[in-house]
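A.B. asks: Heads up: the sequence shown begins at 55 in our numbering, then just goes up one per residue. A single structure is presented below for examination.
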Amino acid sequence: MNEIKGLVFDLDGVITDTAERHYLAWKRIADRLGIAIDREWNERLKGISRTESLELILAEKPDCLLDAEEKEQLLKEKNAHYLELIAEITAADILPGISDLLEEAKSGGYRMAIASASKNAPLILERLGLSTVFDAVVDPETLTYNKPHPEIFERAAQALGLETQACIGFEDSLAGIEGIKRAGMPAVAIGIPVFAEWLPDIEVAATKDLKLEEIVRKVTMKERVEG
Numbered sequence: 055m056n057e058i059k060g061l062v063f064d065l066d067g068v069i070t071d072t073a074e075r076h077y078l079a080w081k082r083i084a085d086r087l088g089i090a091i092d093r094e095w096n097e098r099l100k101g102i103s104r105t106e107s108l109e110l111i112l113a114e115k116p117d118c119l120l121d122a123e124e125k126e127q128l129l130k131e132k133n134a135h136y137l138e139l140i141a142e143i144t145a146a147d148i149l150p151g152i153s154d155l156l157e158e159a160k161s162g163g164y165r166m167a168i169a170s171a172s173k174n175a176p177l178i179l180e181r182l183g184l185s186t187v188f189d190a191v192v193d194p195e196t197l198t199y200n201k202p203h204p205e206i207f208e209r210a211a212q213a214l215g216l217e218t219q220a221c222i223g224f225e226d227s228l229a230g231i232e233g234i235k236r237a238g239m240p241a242v243a244i245g246i247p248v249f250a251e252w253l254p255d256i257e258v259a260a261t262k263d264l265k266l267e268e269i270v271r272k273v274t275m276k277e278r279v280e281g
């Protein structure tokens with residue numbers, strides 16, 4: 055049985071909620087293209103890359119044919135809008151319960167990594183005052199595959215010097231949960247309806263319900279039963 059020594063976190067929706075800022079930035083692009091998206095539609099962009107997000111938006115208007123250069127320009131514009139919006143982020147934007155969880159993890163000797171599709175993760179962590187808390191931040195630019203492929207979670211464990219089985223992954227998207235489970239990690243699902251093939255090991259309604267000692271205990275007990 056593997057002793058849990060590491061914790062791997064998604065960023066958006068787990069450490070802080072930048073989803074609204076992403077939505078507003080994408081909506082600005084969509085409006086300019088004459089494509090209607092709302093907050094409910096925006097849920098499908100959770101956990102996927104910037105390029106994939108743009109392709110999903112463009113799919114809403116099949117006659118909107120753009121070449122690679124035009125798409126790249128839109129991606130740059132979206133990121134510029136987003137950077138304006140996250141400039142105001144502070145430690146007050148850390149989600150409820152997360153500061154206590156990270157503090158408990160640090161004092162407990164757990165190694166921690168961020169596994170986020172966001173290229174702006176280091177900047178957001180800096181704004182939140184959390185840059186020194188994490189031992190590693192996976193750079194999505196170095197990845198071959200996006201979630202739900204397990205690569206980002208495998209790389210996070212590798213960066214911590216741990217086997218994936220010795221880490222617990224925390225996610226708020228179904229694509230993320232699938233990636234965690236495919237990497238061989240126990241998974242904690244936060245605030246998502248679970249009705250997929252890849253079931254998490256633990257579900258909580260919100261970040262404020264995350265109790266590290268209880269999570270590690272439940273994961274360890276489950277491994278003993280299944281092992």
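We put the beta carbon where it would ideally sit given N, CA and C, even for glycine. Because the structure is a prediction, the values reported are computed rather than measured.
Would you tell me roughly how many angstroms separate the C-alpha atoms of L214 and A220, rounded to the nearest one?
C.D. replies: 10 Å
A.B. asks: Which residues in the same chain as G183 place their Cβ atom closer than 7 Å to its Cβ, once the five residues preceding and following it in sequence are excluded?
C.D. replies: A145
A.B. asks: By Cβ distance below 8 Å, which residues in the same chain neighbour K272 in space, the five residues on each side in sequence not counted?
C.D. replies: Apart from sequence neighbours up to five positions away, the residues of its chain that approach K272 with a beta-carbon distance below 8 Å are D255, I256, ordered along the chain.
A.B. asks: For A79, which option in H135, D85, I111, K59 has the closest C-alpha, if you only look at C-alpha atoms?
C.D. replies: H135
A.B. asks: Would you please state the rounded distance, in angstroms, between the beta carbons of T70 and D147? I believe it to be under 8 Å.
C.D. replies: 5 Å
A.B. asks: Contact defined as beta carbons within less than 8 Å: I believe D64 pairs with D226. What is the distance between those atoms, to the nearest angstrom?
C.D. replies: At roughly 6 Å, the Cβ-Cβ gap stays under 8 Å, so D64 and D226 are in contact.
A.B. asks: Using alpha carbons as the reference points, say which of V258, A241, E232, I222 lies closest to E57.
C.D. replies: I222
A.B. asks: Are there 16 or more other CB atoms within 10 angstroms of the CB of T8, so buried, or fewer, so exposed?
C.D. replies: The structure shown has nothing for residue 8, since the chain only spans 55 to 281.
A.B. asks: Any idea which residues DSSP pairs E131 with across the strands?
C.D. replies: None, per the DSSP bridge assignment.
A.B. asks: Considering only residues of the same chain and omitting the five flanking positions on each side of L156, which have a CB-CB separation below 6 Å?
C.D. replies: Taken in chain order, the residues that qualify are V187.
A.B. asks: Going along the chain, which residues of its own chain have a beta-carbon closer than 7 Å to the beta-carbon of K59, five neighbours each way excluded?
C.D. replies: Y164, R165, L216, A220
A.B. asks: Going by DSSP in three states, L61 sits in which element: helix, strand or coil?
C.D. replies: strand
A.B. asks: Using a threshold of 7 Å, is the CB atom of A159 nearer than that to any non-hydrogen atom of the ligand MG?
C.D. replies: As presented, the structure is devoid of all ligands, the ligand MG included, so that no description of it is given.
A.B. asks: So, under 8 Å CB-CB, G230 and G101 are touching, yes? Tell me the CB distance rounded to an integer number of Å.
C.D. replies: 5 Å
A.B. asks: In chain order, what are the residue ranges of uninterrupted beta strand (DSSP E) at least 3 long that sit wholly in the region 209 to 257?
C.D. replies: 221 to 225, 241 to 244
A.B. asks: Is it buried or exposed, T105, if we count other Cβ atoms within 10 angstroms and call 16 or more buried?
C.D. replies: exposed
A.B. asks: Could you give the distance in angstroms between the alpha-carbon of I140 and the alpha-carbon of E280?
C.D. replies: Rounded to whole angstroms, the gap between the alpha carbons of I140 and E280 is 43 Å.
A.B. asks: Just to confirm the assignment, what range does the alpha helix (DSSP H) spanning A79 have?
C.D. replies: 73 to 87 is the extent of the alpha helix (DSSP H) around A79.
A.B. asks: Given this structure, state the Cα-to-Cα distance separating W252 from A243, to the nearest angstrom.
C.D. replies: Cα to Cα, the separation comes out at about 11 Å.
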